[in-house]
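Enquirer:
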Amino acid sequence: MNNSDVNIKFSDDEFKAYADFIPPKGEGSPLTLLYVKSKFAEAGLKNGIDWDIVNSTIDYCNNKKVVMKDIKVATGTLPVSEVI
10 MNNSDVNIKF
20 SDDEFKAYAD
30 FIPPKGEGSP
40 LTLLYVKSKF
50 AEAGLKNGID
60 WDIVNSTIDY
70 CNNKKVVMKD
80 IKVATGTLPV
90 SEVI
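When you line the sequence shown up against my numbering, it's residues 10 to 93, in that order.
1. Compute the beta-carbon to beta-carbon distance between residue 40 and residue 13, rounded to the nearest angstrom, for a pair I have assumed lies under 8 Å.
2. Just how far apart, CA to CA, sit residue 65 and residue 34?
3. Taking 8 Å as the cut-off, decide whether the C-beta atoms of residue 25 and residue 81 are in contact.
4. Terminal residues of the continuous beta strand (DSSP E) containing residue 24?
5. Among the residues of its own chain, which have a CB less than 7 Å from the CB of residue 17, if the five just before and after it don't count?
6. Do residue 37 and residue 56 come within 8 Å of each other at the CB atom, strictly closer than that value?
7. Tell me the DSSP bridge mates of residue 58?
8. Mind reading off the beta-carbon distance from residue 59 to residue 83? Whole number of angstroms is fine, and I expect it under 8 Å.
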């Protein structure tokens, strides 16, 4: 397949998410924010996403046609204990 893709993986503690952004080959479809959002949703990634990094990485990947690996796209926060 010549279309672009994005692969998501989580750190061992599951508080960080990393993504590999893969550009299209030849006449394949470029990465779009809508596609990346759908891949994030499939992976269960909803919170703590750094959209500035995601958008700039999509642009760079599409324009330069280079694979961008292990980009930290989200950071979770530890739950806070409720004080009674």
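Positions of the beta carbon are idealized from the N, C-alpha and C atoms, including for glycine.
Expert: Result, derived from the coordinates:
1. In the sequence shown, residue 40 corresponds to position 31, counting from 1. In the sequence shown, residue 13 corresponds to position 4, counting from 1. Indeed, because the Cβ distance is near 4 Å, the residues count as touching under 8 Å.
2. Position 56 of the sequence shown holds residue 65. Position 25 of the sequence shown holds residue 34. Their backbone Cα atoms lie some 20 Å apart in a straight line.
3. For the purposes of this step, residue 25 is taken as the residue at position 16 of the sequence shown. For the purposes of this step, residue 81 is taken as the residue at position 72 of the sequence shown. Yes, Cβ-Cβ distance for residue 25 and residue 81 is below 8 Å.
4. Locating residue 24 in the sequence shown gives position 15, where the first residue counts as 1. No beta strand (DSSP E) holds residue 24; DSSP gives it neither H nor E.
5. Here residue 17 corresponds to residue number 8 of the sequence shown, with the count starting at 1. Within the same chain, Cβ atoms closer than 7 Å to the Cβ of residue 17 are found at 26, 28, 48, 49, 52, 54, the five residues on either side in sequence being excluded.
6. In the sequence shown, counting from the first residue as 1, residue 56 sits at position 47. In the sequence shown, counting from the first residue as 1, residue 37 sits at position 28. Between residue 56 and residue 37, the gap from beta carbon to beta carbon reaches 8 Å or more.
7. Along the sequence shown, one-based indexing puts residue 58 at 49. Bridge partners of residue 58: 83.
8. The count along the sequence shown starts at 1 and reaches residue 59 at position 50. The count along the sequence shown starts at 1 and reaches residue 83 at position 74. With a Cβ gap of about 7 Å, residue 59 and residue 83 count as contacting.
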